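Take a look at the structure below.
2 protein chains.
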Amino acid sequence: MEFRISSKTIKEGKTVILYDDGAFSGVKKIAGKVASDIGAVFGSAPKALTADDLSDDEISKIRYPILVGTVGCNILTKLETAGLLSLHDVDGKREVYYHQGIGKLQGGVLFEQETAAFVIAGSDKRGTVYGLFALSEKLGVSPFIDWLDVKPEKKSSFTIPEKYAFTSKEPSVRFRGFFINDEWPAFGNWCNKRFGGFNAKCYEHVFELLLRLKGNYMWPAMWSAIFPNDGPGLANCELADELGVVMGMSHHEPCLRQGEEYRYLRGPKSIYGDAWNFLANEKGITKFWEDGLIRSGKFENVITVGMRGEADTAIMGKEATLKDNIELLRKVLKTQNRLIKKHVNKDLDEVPRMLALYKEVEPYFYGDEKTPGLQGDPELEGVTLMLCDDNFGNLRTVPTEQMRGHKGGYGMYYHFDYHGYPVSFEWFNTTHLAKTWEQMTTAYDCGIRDLWIVNVGDIFSNEYPLAFFLDLAYDFDKWGTSNKNAAHEYTKLFVEKYFGTTLTPAQKKQVKDLLLGYTRITSARRTEAMNDEVYSAYAFDEAEETLETIEKLMSATARLYEKLSGNVAYRFYELVYLPLMANLNVQKMWLMTTLNHAYAKIGSTYAMTLAERINACLEFDQELVDELHKIHGGMWYGMGLSEHIGFKNWCEEGCQYPVVHTFMPGNKDRLIVTIPGTEQFSEGYSWTRKALVLPSFLDSHATEGKIELSTGCDKKISYTIETDAKCLTITPASGSVEARARKRIKVTLDRKKMPKKNTEAKIIVRFGADAFIEVKVPLKKSADVMRSLEKIAPEFIAIDAENYTENIPGKVGRFEVIPDYSRGLSAMKAYPQDVTFKKAGDAPTLTYQVSVPKDGKYTLRLMTNPSNPNTRLMELFVGVGSNGGRLKKVNMIPDGFAIGDEQELWKKGVLDNLRITEVDLDLKEGKNTIEISAISPNFVLTKLVLFEKGKAPMDSYYRSNSAAMR
Amino acid sequence: MEFRISSKTIKEGKTVILYDDGAFSGVKKIAGKVASDIGAVFGSAPKALTADDLSDDEISKIRYPILVGTVGCNILTKLETAGLLSLHDVDGKREVYYHQGIGKLQGGVLFEQETAAFVIAGSDKRGTVYGLFALSEKLGVSPFIDWLDVKPEKKSSFTIPEKYAFTSKEPSVRFRGFFINDEWPAFGNWCNKRFGGFNAKCYEHVFELLLRLKGNYMWPAMWSAIFPNDGPGLANCELADELGVVMGMSHHEPCLRQGEEYRYLRGPKSIYGDAWNFLANEKGITKFWEDGLIRSGKFENVITVGMRGEADTAIMGKEATLKDNIELLRKVLKTQNRLIKKHVNKDLDEVPRMLALYKEVEPYFYGDEKTPGLQGDPELEGVTLMLCDDNFGNLRTVPTEQMRGHKGGYGMYYHFDYHGYPVSFEWFNTTHLAKTWEQMTTAYDCGIRDLWIVNVGDIFSNEYPLAFFLDLAYDFDKWGTSNKNAAHEYTKLFVEKYFGTTLTPAQKKQVKDLLLGYTRITSARRTEAMNDEVYSAYAFDEAEETLETIEKLMSATARLYEKLSGNVAYRFYELVYLPLMANLNVQKMWLMTTLNHAYAKIGSTYAMTLAERINACLEFDQELVDELHKIHGGMWYGMGLSEHIGFKNWCEEGCQYPVVHTFMPGNKDRLIVTIPGTEQFSEGYSWTRKALVLPSFLDSHATEGKIELSTGCDKKISYTIETDAKCLTITPASGSVEARARKRIKVTLDRKKMPKKNTEAKIIVRFGADAFIEVKVPLKKSADVMRSLEKIAPEFIAIDAENYTENIPGKVGRFEVIPDYSRGLSAMKAYPQDVTFKKAGDAPTLTYQVSVPKDGKYTLRLMTNPSNPNTRLMELFVGVGSNGGRLKKVNMIPDGFAIGDEQELWKKGVLDNLRITEVDLDLKEGKNTIEISAISPNFVLTKLVLFEKGKAPMDSYYRSNSAAMR
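First to last, the sequence lines map onto chains E and R. Residue numbers in the first sequence follow our numbering, run continuously in steps of one, and reach 966 at the last position. Residue numbers in the second sequence follow our numbering, run continuously in steps of one, and reach 1932 at the last position.
Rendered as C-alpha cells:
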C-alpha cells in the first residue's frame, strides 16, 4: 500500500503526524508547522501529536501515519525491532534525516490495522526538523511559506511509493546561519510595529525561516536589542534552543552577553563596574560574563570569546603596544575559558566557541616578527577562528595549509548588507550570486568549513542570496566548486520552486533573467554607491546603454507584474518587482543625472526633460517604499526605510538626492548636434564652424552609427540632413526636433557601396536660414585618421577573458570559466583555487592573440575582481608576458593597499567591484601573443584591454569591461 | 556793457548769432545747433545767420551779438582792424578757438548801435566749431544734449564780462575719435528702426556727439554698412566733411573703400575682378582703390593704406614666407601712394595716411633677423603708424625712442568694446577709467600723439569712458600723466557737468561713487566674461562680499532713481541706472550661481532660494532690455540686444544662461552648519561627528567671526548655540532657521576677557534631540594651531602695493600711486613710464616690511596689471630681492606668452585683468625687507602676497587682491 495524503484521508483521520512520546518539544512545534503546511496544500491539516494524545477510536482510523522521531526514540526503535526500518545510515550522524515509506505496517507494530506509513527519522533534533520540513518541500511548500507568505499550490493527493527510502547528507558546513544586523531603521521598525519588539513572537518567524532554509545558526539583532532579555526575558533563547537553533552573538560580544546589555547595566554602582575595560575593571567584566554564561550557557550556543572595544572598536588605546594587546587578550581568553568550564561544560571541547579575527584582532592572532601572536595558544585550542570578508564580499586572508589543522576549525563572516566605510548598503538586495559562489567556494576549499555566517541586514529582500548561501553551506557537493554554473542553476531551481506551476515555463525563465539581470547591474555598482559620476555620459554611450538595459528590465517586470494577481502577484512583488524596481529606479535616476549634467553643460534643453524624469524617479522611489509599507496588510511596515540615495559619507549623514541641472533656454533658434559615444557637439553657427566626426565605421564590423539632435531653445527646430556618400543612408533625413526632446539619427553604412578612393564621407545637418553642422565620417582606418581621432576615439583592443586562444594547464590545475561573473561577461580563474606557484611558468596560463599597428610600448589593462591577498602578505601575483618571452611577475596589490576605513585604494576596488592592473608590454607590428598566468590564488580575470602606452581609451565605467573591440 | 543772453534779449532780437558771410557751411550748421542749445537754456532760441540775412530793423535791434568766424574771415578782420580783437594767439594754430567779450562795439564796426559782443573765433573750421560748442558748455549745455537728450537747466540770463578773453589750447592729439564697430545686433537695429539705415540722418547725431566731445575723427560702422554709399549716396561723406569730421576707415579697409563694398561689387564680370588678392587680381583691386579715392578723396580723410585679408584676416596664405608678404605689402603701398598722389593730392605729405600695425602686419613692419621689414621704407614716410592695444585695453608694443622720429607719427587703436577671442564684450560699458588713463598716458608719453581711436561698439552706454578718452586726447596737460588722480577727478567733473544743479551735491557725489563702483566690479571681471567659476564660493567669503557690494550699489541706484523724475530721471537712467543695473545684475546672477552650486553640493536648501533669485536676475535682465527699447519714445530701440550671458566661445555661439543646481530636500531634520570663508560644513549627526573650526580670531585684529546655519530639509529647524568661553558672545544664540533660508550667526570676541591659558574655545550648535555640531575657535596663533589649519586657513601676508615702507627713486624717476586702479586698491607704477633700466639697482624701488614665523623658502606673489611687453621682445622685468641682497631679475612674461587667438596665458591675464608672478625668496624668522624694482616699463603693481613655499592661500578671485592681512 502506498503512503498517501489527500484532503479526504486527512479529514477522515487517516493521515496524521505522530511523533514520539519523548520528542523534543521543538520537533513537536515543527511537526505542527508541517501539519499546517499540509493543510495549506490539501485544504485541511492533519493532527500532529503523540499516540497517547489520541483515543483508540482515532488510532483505529489511522491509515497513513507520518511517523516522526529521532534516533533512539520509541517509535523508531519499535520499527527497527520489527525489521521495518534500518537507521544504520543515520545513527551517529550530524543533522541527517531519513525518509522511508513502509507499505505494510500492522499487527501491533504501532497499529493494529494495516497502514502505509511515512517515516521521518532524524539523527538528532535538527536532523528530525530538517526531515519534517523536507516533507513540506516534497509537497511543494516553499521555505518562504511563513516568512514571505508564499502559498503552496493545492494538491488533491500525494503518495509515497512503498519502498521509498532517502537519507540526507550531513551538511557540508557545521554552523550555517545569518546575522540580523544594522537593523535600524528597517528591521527595528518592522519588529516594533508587528510584534511589539525584538521578541520571541518575531524570532519564531526568523527561526522558522532559518530552519526551513536548512540553516542552524544565528546572530540576533544587536544594535538596540538584547536577545537574552527581549523575549521577554529568556523567551528568545528558550525558543531558539527549543527549535534547534544554535545562537551566537556577534564577533565582539563574548560570553553570551550583548554589547547593549553592558550599556544598560554599567554604572558607578553597578556590580559590573562602569568600564568596558578588562584592565581597569577585571572584576566587573568577569562578573558580567559569568552572569551571561549562567543565564544562557544552558542553551545550544556558539560562544564568542575574546574581547574588543565597545561598538565594534579596538580594545586598547592607540598607545598600547602589540604585546600589551596580545597579553591582555590572552588573559581575557583564560578567564573566559575558566568561566565556560565552570558554568557551561567542564569539557571545553564540547562547547562550540568562536574567536573572530576581525579588524585589529587579526594582528593579535598572527603577531609580528618580534611578538608571537595568539596563534597556537592553548587557550584557543578548539576555538573556531572566524575569518571574514572585507565587508564587500571579497575574502580577506584564508588559512594557510599549515593552519588548516587547527582543532577548532575556521569560520567565515560574509556580507550581503553592510553599514560602514566606504558606503553602507542596507536597502534591498544587491548581491549577484556568482561572486558569492566564487568567494565562498574559495573559503570552503581553503578549509573554512565550521561556521558560515552572513550579514543579511534586515533579512527582507536578501532571501534569494541567503537561500543560496545556506544551500551552498548545506550541500557543497551539489553547489560548490565542481559546479561552475551554480549561480545560474541555483537561480533557475530557486525560481522553479518559488513559483511552481503558478507561472508558465517562459515566465519562470523570464523571472530568472530578471533576477540575474538586476543583480548584474547592482553588481557593477551597488545602488547605494551610485552617483552621477560613476558612468560616463560620453564614453561608449555607456550611460545610455545601461539605461536601456535598465528600462528593458523594468518594463518587463512591470508588464509581468501587471499580468499576475493574488498570492503569485504578491510573491513576485517580494522576490522580483520590489528589489528590481527599487534598485534599478535609483540606478536609472543617477544615470539620468549623469546625462542631465552633460546635456545641461552643452545647453541642450533635453536636460530639462531629464530633470523631470529624475524627479519622477524620486517620486517612484517614495511610492515603492510607501507601497511596501501597505502591501499585504502592512506586514512589511518598516522595511525599505534605509537610506539609499546620494551617500556622501559611508553613513547617511549628508546624503542627498540628485543635484539637478537646469537652465533657462535662450530665444535664438538653436539645434545642437552631438555624436553619441564622444563629447563632441556643435550648434552650427558660423562663428566657430566646428566640424564633428562620427568615428563609428572605423570598427570594421560596424554598419550603424548615430548622431543626435536636440534643441538649445524652447522651440521645435526643423532640420534636414544630407550626405555626399552613396554608401550612407540617414534615417530620418529630415524632420524636426521638439524642444526638450532629443532625436537619434541612424546612419547606416553599406560596405559594398563604399568608395574605393575616398576614405571620408560628409554629412551636413542644416537648420534655419544658414546654420549647418558638418559631420565627417571616416570610412577607413589609416594611421592619419587614427592620429586625428586620438582624442575623440582613441584606438584600443578589448578582449573578454573567456575569449582566450589557449588554456595551458599548470603543474597543478588549469583555468576554468565562471559564467556571468560580476561585471564581466564571465571570469577566468585557476582551479584548484588554493595553490600558490613559486615560478610563473609553473602556473596555469591563458594566451590571447592581438594584432597591433606598429612596434612599440603598449599598456595591458587586466580587469579583475578586486580580490584581497589570501595571506597577510600584500601579494597577489600574476605573470604577464608576450610572444613567449619571460613572464613578468606583477603584484596586483598596489603599494599602500590596505583594507579598512579611509583606505582609498581598497575603496575604489570595492565600489567599482573591479581592480585594474596595468602592465607595459613591448609588442611588434602585427600579431602578438599575450600570456597571463595565475601565480597567486584569487586571480579572477574578466577582461583585457590593450592600447598604445599613453593613449588610454576614454574614461568609462562599464563599457571598458564589455566585449567591444575596435 | 556786459554781453548778455536772456529770454528777453533773445525774444527782442537783441541776442543773435552772427556768423561770417563766408562761413563754412558746417560752421553755420553748428551755429544753428548752438542757437538751439541757447533756446533750450533760455526758453527761446536766437537766430543764427549772417548779417545779410537780417533786415536793417532787425540789425538795429541787436544789442548782444555772438560773432562767429574763422581766422581771416570778414567779421574777424573788421574787429581786428578796429583794434577790438587780436587773433595773434589763434592764427596758424590747429583747432584752436578764441572767446572774447567786447564791451563796446559800435560806431560802424559791424553795428551802429552800441552792443556788447561775444566773439567766437576759430583758427580753422574745427576751431570755430569747438568755439561754438564751448559757448554751449559755458551755458551749462551738456555735450550729450542731442545724443542722450540731456536737457540743460533753464537760465534767466547769462553774461560775459567786458574784458573776458580765453584762448583754447591746441589739442594734444591730432586725430581723436571713435570707431563704431561690431554694430550688430544693437547699433544696426537701432539705426534701421530710427533712421532707416546707416545714413546721414543717423550720422548727423554721431558727428555732433563727436564734435561736442571735442573729437575730430571717426571710423564708421562697417560690418554690413558702406559709409560712402549709405548716405544715401555720398551724403554721409559730405556731411562729415561739412561738419569738419575727418573720416577714416578701419585698419583693414584701404583707400577709402569699405570691406563690405568689395563683397557687393566683386564678381566674375566685375571690373574689380573676383578676388581680394593683389597678386592674382592686381588690376581689379587697383581699380577698386582708385575709384574709392576718386569718389571720396576730396573729403577730409585719414586714408588707410596697406592691405589685409578679407574680414580681419591675413593677406597671404600660410605657405607664404615673411619675405613674400613684405614684398607684396611694399608693392601695395607703392600702388596706393601712386593712386593717392594722382587722385587726392600730389603732395603726399598733405594727405593723412595710416597703416595699422595690427596682428600679422606687425612682423611685416619689423621684419626679422634675415628679412628687413617695412620699417624705414620710403613708401611709409609720412604715414601714421597705428599701434594697438590687445583688444582688452592693454597696449602692445609702443615706439622705441629711435622710432619716435618717424615723420608720420604714431596712432593707437584702443578698445572699450570688442568682438573676438577670448570673449566679446559688446553690451553696456564695462570700462574703468583708471586703467584707460594709465595705458593711454603711456601711449602719449611714448610718442603716440597723432591719432587716437577707440572702438566704442554701438557708442551707446560707452559715452562716459568715451568722453574721458577724447578729453584726455584733447587736453593731455590737464588729464594726462601729471594728474595721477585724473580718473576720479574727471568722473567728478563729468557728473557735475552732466547733472548740474538737478542733483544735490550729495547725490552727485553718490553718482560718482556709483559710476566708479560699478566699473570697478566690471574691471575685476567683464560682465561677458563672468561665469560661475570666477569667484570662489568659499575663500575669504569673496562671493558673498562681492554680492554685498553689488547689492549696495544696486539698491542705492534704485533708491536714487526712484526719487528722480522727468529728464533728470531719464539721464540718470542712461548714465547710471541702466549700465549699472544691467552689468551688476548679471554679475550678481553669476555670483549667486557660484553659491547655488556650493550650497547644492552640501545639500543646503538655501540653494533653491538662490536658484529662484538667479531666475529673477534673468527676468530682470530681460526687463531691462525691454525697458530700454521702450523708454523715451523708443529712441534706443535695438541697443542692449548684444548677447552678454554665458559665453562658451568668444562669440555667442553656444552661450548659455546659468546652469542652476537644485535637489529634492530629504525628510529628516537637518541643520547644516558652515564656516563662511572656508569649505567646512557639518550636519552634526553622530556618524561622522566632524568638528568645524572658526579661524577668524587668529587675525589679531579681528573681533568678529561668523558661522552660518541653513537647513538640509524642507522644514524650519530650531537651534541653540552654547560656548564654553566667556570672551565670546553669540548673536543670536538661539532661534530657528527657515527652510531654504540661511542665517549668519555673529561670534564676537572680547579680547580683554580672553583666557590666559586656554588657547581654544568651543561653540556647540544643537538641534533636534541629540544632534550637535562642535565648532572649535582657536584664540591664539601658535605653530601647532597654524599647522592644524594649513588646509582650512593657510597663513599668508597680503600687502596692498601702496603700503610700501620706502619709495626709493631710481637713477631716473620713482614710483607713484595711481589711485583706484583696476582690481587693486591702487597701483604703484614708476614714472617716467618709458624708461628701461639695464641694472636692477638703477631702477626705482619699493620696499616692504614683512614678518615671518620661521626661516625658510617663501613665495612672493606679485599681482600686477596684465601689461604686455613694450617692445617686441617678450620681456617685462622686475627686480625682486630681500634684506638688501642682490635683486633677482624676473621676467614677468611667462614662456610661451603671446597675444592672440587661442593664447591661453594671455587669455587668463586679460579675463582676470591681473597677472600673478611668483618669485621664491629665502627669508629669516622675524622681520624681513622685500625690495621690488621696476626694471622695465609697464610694471603696474597692485598687491603682494607672501606665503611659505608650497602653502598657498585658498584659491580666490577677488580677495587675493584685497587688503586682507592675517
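C-beta atoms are modelled at their ideal positions from N, C-alpha and C, and glycine is treated no differently. Keep in mind that this is a model prediction, so the values were computed, not measured.
Chain R contact residues for residue i, given Cβ-Cβ distances below 9 Å
i, result
"Pro658/E", "Phe1629 and Met1630"
Extent of the continuous beta strand (DSSP E) run through residue i
i, result
"Gly1143/R", "Phe1141 to Phe1145"
"Asp800/E", "Ile797 to Asp800"
"Tyr1183/R", "Tyr1183 to Trp1185"
"Pro363/E", "Taken as a continuous stretch (DSSP letters only), Pro363/E belongs to no beta strand (DSSP E), being part of the alpha helix (DSSP H) at Val361 to Tyr366."
"Cys388/E", "Val383 to Cys388"
Straight-line Cα distance separating residue j from residue i
i, j, result
"Ile893/E", "Asp1750/R", "36 Å"
"Asn1927/R", "Glu1761/R", "Here Asn1927/R scores only 40 on pLDDT, less than 50, and its place in the model should not be relied on; the value that follows carries that caveat. So the alpha carbons of these two residues sit roughly 15 Å apart."
"Arg1274/R", "Lys726/E", "41 Å"
"Glu162/E", "Arg63/E", "14 Å"
"Trp276/E", "Ile285/E", "7 Å"
"Leu211/E", "Val351/E", "21 Å"
"Ile899/E", "Ser956/E", "25 Å"
"Arg1881/R", "Gln1553/R", "22 Å"
"Leu466/E", "Thr871/E", "27 Å"
Within chain E, partners of residue i - CB distance below 7 Å
i, result
"Ala1566/R", "Val659"
"Asn1581/R", "Met664"
Same chain, Cβ closer than 7 Å to residue i, five either side skipped, listed in chain order
i, result
"Trp1616/R", "Gly1386, Tyr1387, Pro1388, Val1389 and Ser1390"
Closer than 8 Å at the beta carbon, the chain R residues around residue i
i, result
"Asn649/E", "Trp1653 and Thr1654"
Start and end residues, alpha helix (DSSP H) containing residue i
i, result
"Tyr1797/R", "Note, Tyr1797/R: premise wrong, no alpha helix (DSSP H); beta strand (DSSP E) at Ser1792 to Tyr1797."
"Asn236/E", "Ala235 to Leu243"
"Lys908/E", "Glu904 to Asp912"
"Ile745/E", "First-last for Ile745/E: Arg742 to Leu749, but that is the beta strand (DSSP E), not the alpha helix (DSSP H)."
"Ser555/E", "Glu542 to Lys563"
Contacts of residue i in chain E (Cβ-Cβ under 8 Å)
i, result
"Glu1740/R", "What Glu1740/R touches in chain E: nothing, since even the nearest Cβ is about 14 Å away."
"Leu1584/R", "Met664"
Close-in-space but distant-in-sequence residues of the same chain around residue i (CB under 8 Å, 5 per side omitted)
i, result
"Ala1930/R", "Note that Ala1930/R scores 34 on pLDDT, short of 50, meaning its location in the model is unreliable; the coordinates nonetheless yield the value given after this. Taken in chain order, the residues that qualify are Phe1506 and Ala1764."
"Ala1535/R", "Tyr1527"
Cutoff 6 Å; reference residue i; Cβ partners in own chain excluding five residues on either side
i, result
"Ile1041/R", "Asp986, Leu1033 and Gly1035"
Worksheet item: Closer than 7 Å, Cβ to any Cβ of chain E: which residues of the segment 1642-1669 of chain R, in chain order?
Response: Going along the segment 1642-1669 of chain R in chain order, one finds Glu1649, Tyr1651, Trp1653 and Thr1654 with a Cβ nearer than 7 Å to chain E.
Item to complete: Select from the segment 426-458 of chain E all residues with a C-beta closer than 7 Å to any C-beta belonging to chain R, and list them in chain order.
Response: Taking a C-beta cut-off of 7 Å against chain R, none of the residues of the segment 426-458 of chain E qualify.
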